[in-house]
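Engineer:
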Amino acid sequence: MGAADDDKVIRAELYKLNVYGKGSFFFKSHKDTPRGDAMFGSLVVVFPTAHEGGALVLQHDNKEWTFDSAALTKAEEEPSVAYIAFYSDVDHEVTPVTSGYRVTLTYNLFFEDKESYERYTTAALANPDFLPQGGYLGFGLSFKYPISQYGTPSITVIYRACRKLSLKPSLYVVYDTDDAYVLVPAHNTLDDEEPVKKASLNSFATTIKGALYTNLDIANLDAASVTNT
Ligand SMILES: O=C(O)CCC(=O)C(=O)O
Ligand SMILES: [Fe+2]
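For the sequence shown, the working numbering assigns the number 1501 to the last residue and increments by one with no breaks.
(1) At a threshold of 6 Å, does residue 1376 count as lining ligand 1 (C-beta to nearest heavy atom)?
(2) Do residue 1344 and residue 1337 have their beta-carbon atoms positioned less than 7 Å apart in this structure?
(3) Tell me the rounded alpha-carbon separation between residue 1325 and residue 1354.
(4) Between the beta-carbon of residue 1430 and the beta-carbon of residue 1392, is there less than 7 Å?
(5) Taking the C-alpha atoms as reference points, what is the distance between residue 1302 and residue 1398?
(6) In the DSSP assignment, find the alpha helix (DSSP H) that holds residue 1344 and state where it starts and stops.
(7) Kindly give me the distance between the Cβ atoms of residue 1444 and residue 1379, rounded to whole angstroms, as I take these residues to be in contact under 8 Å.
(8) Exposed or buried, what is residue 1292 when buried is set at 16 or more other beta-carbons lying within 10 Å of its beta-carbon?
(9) With hydrogens ignored, establish whether the beta-carbon of residue 1361 is closer than 6 Å to any heavy atom of ligand 2.
(10) So for residue 1464, helix, strand or coil by DSSP?
(11) Would you mind working out which of 1315, 1363, 1347 sits nearest residue 1335, comparing C-alpha positions?
(12) For residue 1328, does the count of other Cβ atoms within 10 angstroms reach 16, so buried, or fall short, so exposed?
(13) Please classify residue 1297 as buried or exposed, where buried requires at least 16 other C-beta atoms within 10 Å of its C-beta.
(14) Taking the beta strand (DSSP E) that residue 1380 falls in, what are its first and last residues?
(15) Over what stretch of residues does the beta strand (DSSP E) that includes residue 1307 continue unbroken?
(16) According to DSSP, residue 1359 sits in a beta bridge with which residue or residues?
(17) Just to check, is the beta-carbon of residue 1304 closer than 6 Å to a non-hydrogen atom of ligand 2?
(18) Reducing DSSP to helix, strand and coil, say where residue 1300 ends up.
(19) Is the CB-CB distance between residue 1300 and residue 1365 below 7 Å?
(20) From residue 1404 to residue 1320, what does the alpha carbon distance come to, in whole angstroms?
(21) Work out the CA separation of residue 1367 and residue 1402 for me, nearest whole Å.
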């Protein structure tokens, strides 16, 4: 993965929950089955449940590496998860648990184009069970963006994906009150050239989360642009 891959993102997809106890199953040495071309590795997250044994032993290129999550989590004062990620061609096995329970989540790791918003939205729109009456699609923005930076990060990626699918995204400020999310339009509908500069959101930007919402009028959606992208 190098500079040419700047347009890609790593996506972790939850795959499995494993609970190992004394005498229960354990994994003999294996490689994880790749699920599609974009999958490049696995992520294992170990919960801080008291246990002994259950180390994950990795082998590659005649080298061996032991991830002793029981010892790692025990060494922490606060309950903490331990995690490890490895490439798909790495052999790994889980040694038997000798006491307690070892609980893990495994994720498949994909190296994908940033434009995957487009792919997921396209797939959702092609599904007749998805919002059959139309509705709103929301894309949460996780960070507090100064409005002047809207031109660069994920907002532009989502915005472009929506426009390609003939959706008209608008920017909302989302207030998380005790009993509901309140949406306040933050912006006129973004236009093609300058989705960003029109914003006059400085006073909000430091305090609350933003979200891009798009009105999904199924009847008026241009079906061709949905299926051809
Ligand atoms: O639970 C773990 O540590 C790894 C599990 C594993 O290798 C698998 O699910 O393929
Ligand atoms: Fe595995």
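Note that the Cβ used here is the ideal one computed from N, Cα and C, for glycine as well.
As the structure is a prediction and not an experimental result, all values here were calculated from the model.
Structural biologist: By the coordinates alone:
(1) Within the cutoff, so yes.
(2) Not in contact: residue 1337 and residue 1344 (Cβ atoms no closer than 7 Å).
(3) One Cα belongs to residue 1325, the other to residue 1354, and the distance between them is close to 14 Å.
(4) It is not a contact, given that the beta carbons lie outside the stated cut-off.
(5) Taking the Cα positions, residue 1302 is about 37 Å away from residue 1398.
(6) Taken as a continuous stretch (DSSP letters only), the alpha helix (DSSP H) holding residue 1344 covers 1341-1347.
(7) So it is not a contact: roughly 30 Å between Cβ atoms.
(8) By the 10 Å Cβ count, residue 1292 comes out buried.
(9) Residue 1361: no, Cβ never under 6 Å from ligand 2.
(10) Low per-residue confidence applies at residue 1464: pLDDT is 41, beneath 50, and the placement is therefore not dependable, though the value from the model is reported in the following sentence. Three-state result, residue 1464: coil.
(11) Ranking 1315, 1363, 1347 by Cα distance to residue 1335 puts 1363 first.
(12) Taking a 10 Å sphere around the C-beta of residue 1328, we find 16 or more other C-beta atoms and assign the residue as buried.
(13) Per the 10 Å Cβ criterion, exposed.
(14) The continuous beta strand (DSSP E) containing residue 1380 extends over residues 1374-1385.
(15) Residue 1307 -> no beta strand (DSSP E), and no H or E assigned at all.
(16) Answer is 1313.
(17) In terms of side-chain proximity, the C-beta atom of residue 1304 is found nearer than 6 Å to a non-hydrogen atom of ligand 2.
(18) Residue 1300 carries a coil assignment under DSSP once its states are collapsed to helix, strand and coil.
(19) The beta carbons of residue 1300 and residue 1365 sit closer together than 7 Å.
(20) Taking the straight line joining both Cα atoms gives about 43 Å.
(21) Going by C-alpha positions, residue 1402 is about 43 Å away from residue 1367.
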